[in-house]
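Which chain is which? The protein sequence lines are A and B, in order.
1 is the number of the first residue of the first sequence in this note's numbering; add one for each residue after it.
1001 is the number of the first residue of the second sequence in this note's numbering; add one for each residue after it.
Backbone N, C-alpha and C fix where the C-beta goes; we use that ideal spot for every residue, glycine too.
This structure is a prediction, so every number in the text was calculated from the model and none was measured.
2 protein chains.
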Amino acid sequence: MTETFHALETSAAMDATRALDTPCLLLDGDKLERNCDRMRERLLSHGVALRPHVKTAKCVEVAVTALRAPAGPITVSTLREAEYFADHGFKDILYAVGMVADKVPRAAQLVKRGIDLGVIVDSVDAARGLVAAAERAGVRLPALIEIDSDGHRAGVTPDDPRLLEIASALGPSLKGVMTHAGESYNCTTVGAIEVMAQHEREAVVNAAKALRAHSHEAPVVSVGSTPTATFARSFEGVTEVRTGVYVFQDLVMAGLGVCSVNDIALSVLATVIGHQREKNWLITDAGWMALSRDRGTARQKVDQGYGLVCDAAGRPLEPLIVADANQEHGIVARRDRGPIDFARFPIGARLRVLPNHACATAAQFPEYQVLREGCALEAWERFSGW
Amino acid sequence: MTETFHALETSAAMDATRALDTPCLLLDGDKLERNCDRMRERLLSHGVALRPHVKTAKCVEVAVTALRAPAGPITVSTLREAEYFADHGFKDILYAVGMVADKVPRAAQLVKRGIDLGVIVDSVDAARGLVAAAERAGVRLPALIEIDSDGHRAGVTPDDPRLLEIASALGPSLKGVMTHAGESYNCTTVGAIEVMAQHEREAVVNAAKALRAHSHEAPVVSVGSTPTATFARSFEGVTEVRTGVYVFQDLVMAGLGVCSVNDIALSVLATVIGHQREKNWLITDAGWMALSRDRGTARQKVDQGYGLVCDAAGRPLEPLIVADANQEHGIVARRDRGPIDFARFPIGARLRVLPNHACATAAQFPEYQVLREGCALEAWERFSGW
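And the structure:
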């Protein structure tokens, strides 16, 4: 098998990133904008609202890019995200992880600041606990009932008699229904994602119908996952779409056919720190602490190890992958374990690694180094914690 | 199979942690001290110095506990760690990841502040780059040559002719040799770890002999990994031991026989947020963002999923494990997928999860909530980044 590496060429991107310490997190601002525009325009053409999930980026500038507005409706996965975005002017926030009474006092602080904070529940116990705790805190927390559309995680099925019991327990706090087609990450064809999108939509639309048939109001019908949002043929009856990873895309999404490798906006800049010539390994300073332990492509047709290796300008060096990782060491090898031309990758050379899972890799860093037309322009803060 | 769960009892620990928001990172200060004392006393009895690896905890208080002194020799995995600990009074620091010329200016700043900073190299190119860059920066960076004792990652073998070439390239910067028996994590018996410890020791002792036979000084002979440090029968010829994860211990170490599950000082406090009764799942608010994506026990005899579940007081609820994880959702199930007594784990109940890999799980949090005799006493800062 002959080597297909591109030559390592000097470029604006290499110059721009040369001054950065490695490992660091690069964000291609042009690709980010294209990914955001594509999804926003697609949903606009379907007449359905976008409520981006900010858990992927945890960054105000990325949310602003997704919305093409200084603020707008967002989805969060932690109360810390809700607080951070509220501090930055976002007022319409859905906390899309099951709410429990213990968390209500903290959520109530946001409501008292004028934030329109929605929550979700999927059991009568949680609904009763929520309503009682909100009453004690002197607020009302509008709630969606989480619907299970794919057996993936949480929620009640649309035909479960508990649906109506939860609605009754919520009373005037009931605002609608939501689901997340997490199983779409395990699809192997675009056709299968289309089918899953149909199930996702039908599950919430049917649940809303069941509620309305029993005199419950359910104005919000919310769905969301990047694969189903990308390939759904219809959003009929759906009022909003929550989607997160599309802003960056990643190797798992590329493996699903949701994007191409060239759409991936996020990468980790690394330095070659060693050669293991007998083993045909390059050693880099980007281990799992930088790349994360996510091995999401392990179950896909093409296993990308801990990430696909690119040159400093971001061009994939297929078949080089991060074959293994220690805490601060990446082990780069050819996918076929064949010989590496070490002269092309001297000690000190810079490489970029495309991530398996953008949410996990980005979480390892406190900021994004944003490139525009290949030139590093600015650092965007990313927060963490709960 | 009958259930073996302990009853959930009220205890000081449950009361102390009740006020904490979940997920958060708990550190049992008593277990931490016992783990630290055991290793320090063992190495003291062997007459070999301890240079704890602070990459596991990235926390000054933990390093102080390990050393039983306000400062002392430490090992770091990033220059950020070196800078942070230097800011907190630590002066003897080994940066144990292959050094490259680009990182020398930042390291030189530490040397100019009076820090005794050692570095490592494993190639002639890296050695030459290091010496030239240090000269340009106006400092000398003492260097150890990294020895490959197990084919795990980096280094040169003791009989590789490059060993002497690297020594010549380093010249007066040469300070000795070091190795890390990372393959010890893949052993399946204590006997195998003992053999690996012997190989680890012999590799560096032989490398030092080879250097000394050619008139190179090699005063430092450094080894390290928690399994080999725990079970080595001899440290003859070794001057220092670097070891990290022993301070916390974890499920991977317990699986290796290095510690018992009861020695594990670190856990993630979680709240039950949902019941999936048909699937026999509890849903918690500690997903992979809190637990990390590390699946280190997947290759061991007992696969602990994303962690072993305990009650709020830290008592294992065998056979409950975190069977799967999404970003902010943990899916708790019995190891045998058998029925769960949901009444014992109502919505809002607190659980603790013991981690597969303490280094990875701790890295997901900005601080430790430290318990003494079961009572939460204080928060210890943990830093991150590079």
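Residues that DSSP places opposite residue i in a beta bridge
{"i": "PRO1316(B)", "result": "CYS1310(B)"}
{"i": "VAL353(A)", "result": "VAL268(A) and VAL309(A)"}
{"i": "LEU1050(B)", "result": "VAL1241(B)"}
{"i": "GLY1274(B)", "result": "ILE1283(B)"}
{"i": "TYR1084(B)", "result": "Per DSSP, none; premise fails for TYR1084(B)."}
{"i": "TRP1380(B)", "result": "TYR1368(B)"}
{"i": "CYS24(A)", "result": "LEU269(A)"}
{"i": "ALA1325(B)", "result": "GLY1330(B)"}
{"i": "THR56(A)", "result": "DSSP, once it has assigned bridges, lists no residue as partnering THR56(A)."}
Close beta carbons around residue i, own chain, < 8 Å, minus the five adjacent residues each side
{"i": "THR1002(B)", "result": "For THR1002(B), the pLDDT reaches just 35, beneath the cut-off of 50, and the residue's location in the model is therefore unreliable, although a value from the coordinates is still provided. No residues qualify anywhere along the chain."}
{"i": "GLY1214(B)", "result": "The sequence given here has His at residue 1214(B), not Gly. Excluding positions up to five away in sequence, the list reads LEU1164 and ALA1167."}
{"i": "GLU135(A)", "result": "none"}
{"i": "ASP159(A)", "result": "ASN206 and ALA210"}
{"i": "ASN280(A)", "result": "ALA333, ARG334, ARG337, GLY338, PRO339 and ILE340"}
{"i": "ILE1120(B)", "result": "LEU1094, TYR1095, ALA1096, VAL1097, GLY1098, MET1099, ALA1143, LEU1144, ILE1145, GLU1146 and MET1178"}
Cβ-based burial, residue i [other Cβ within 10 Å; buried from 16]
{"i": "ARG212(A)", "result": "exposed"}
{"i": "GLY1330(B)", "result": "buried"}
{"i": "ASN1326(B)", "result": "buried"}
{"i": "SER1267(B)", "result": "buried"}
{"i": "HIS275(A)", "result": "buried"}
{"i": "HIS1216(B)", "result": "buried"}
{"i": "ASN356(A)", "result": "buried"}
{"i": "ALA1132(B)", "result": "exposed"}
{"i": "LEU44(A)", "result": "exposed"}
{"i": "PRO1161(B)", "result": "exposed"}
{"i": "GLU183(A)", "result": "buried"}
{"i": "GLU1373(B)", "result": "exposed"}
{"i": "GLU200(A)", "result": "buried"}
{"i": "ARG1153(B)", "result": "buried"}
{"i": "HIS180(A)", "result": "buried"}
{"i": "LEU291(A)", "result": "buried"}
{"i": "THR17(A)", "result": "buried"}
{"i": "ALA19(A)", "result": "exposed"}
{"i": "GLY155(A)", "result": "buried"}
{"i": "ALA66(A)", "result": "buried"}
{"i": "GLY1171(B)", "result": "exposed"}
{"i": "ALA1007(B)", "result": "Note on ALA1007(B): pLDDT 37, under 50, position unreliable in the model; no value is reported."}
Contacting residues, own chain, Cβ-Cβ under 6 Å from residue i (five flanking each side not counted)
{"i": "CYS24(A)", "result": "LEU269 and GLN369"}
{"i": "SER77(A)", "result": "LYS55 and VAL97"}
{"i": "PHE90(A)", "result": "ALA71 and ILE74"}
{"i": "ALA137(A)", "result": "VAL104, PRO105 and ALA108"}
{"i": "THR1157(B)", "result": "ASP1148"}
{"i": "THR239(A)", "result": "VAL220 and VAL221"}
{"i": "GLU381(A)", "result": "GLU367"}
{"i": "GLU1061(B)", "result": "TRP1380"}
{"i": "GLU9(A)", "result": "The pLDDT assigned to GLU9(A) is 42, lower than 50, so where the model puts this residue is not dependable, and the model offers no usable value."}
{"i": "VAL111(A)", "result": "LEU117 and VAL139"}
{"i": "ALA49(A)", "result": "GLU240"}
{"i": "TYR1306(B)", "result": "LEU1291, VAL1322 and ALA1325"}
{"i": "ILE1193(B)", "result": "SER1184, CYS1187, PRO1227 and PHE1231"}
Proximal residues to residue i (C-beta, below 7 Å), its chain only, five neighbours per side dropped
{"i": "GLY129(A)", "result": "VAL100 and ALA101"}
{"i": "ASP285(A)", "result": "THR22, PRO23, ALA270, THR271, ILE273 and GLU328"}
{"i": "THR243(A)", "result": "MET39, PRO52, HIS53, GLY224, SER225, THR226 and ALA229"}
{"i": "VAL1190(B)", "result": "PHE1231 and GLY1257"}
{"i": "LYS175(A)", "result": "GLY118, PRO142, ALA143, LEU144, PRO219 and VAL220"}
{"i": "SER1384(B)", "result": "LYS1058 and ALA1363"}
{"i": "HIS46(A)", "result": "PHE235"}
{"i": "ALA1265(B)", "result": "LEU1027, ASP1028, LYS1031, LEU1032, ASN1035, PHE1248 and GLN1249"}
{"i": "VAL245(A)", "result": "THR56, THR226, MET253, ALA358 and CYS359"}
Output the residue ranges of the beta strand (DSSP E) runs that lie fully inside the stretch 210-259 of chain A and measure 3 residues or longer, sorted by chain position. 220-223
Please specify which runs of the beta strand (DSSP E), each continuous and at least 3 residues long, are wholly inside the stretch 135-164 of chain A, giving them in chain order. 143-146
Evaluate the contact criterion for the stretch 142-151 of chain A versus the stretch 1360-1369 of chain B: three or more CB pairs, one atom per stretch, below 8 Å. no
Pairing CB atoms from the stretch 1347-1357 of chain B with CB atoms from the stretch 1297-1316 of chain B, are three or more of them under 8 Å? yes
For the stretch 1242-1251 of chain B against the stretch 244-262 of chain A, are there 3 or more C-beta pairs whose distance is under 8 Å? no
Inspect the CB distances between the stretch 1232-1242 of chain B and the stretch 376-384 of chain A and report whether three or more fall short of 8 Å. no
What residue ranges within the stretch 1166-1200 of chain B form continuous beta strand (DSSP E) runs of no fewer than 3 residues, ordered along the chain? 1174-1179
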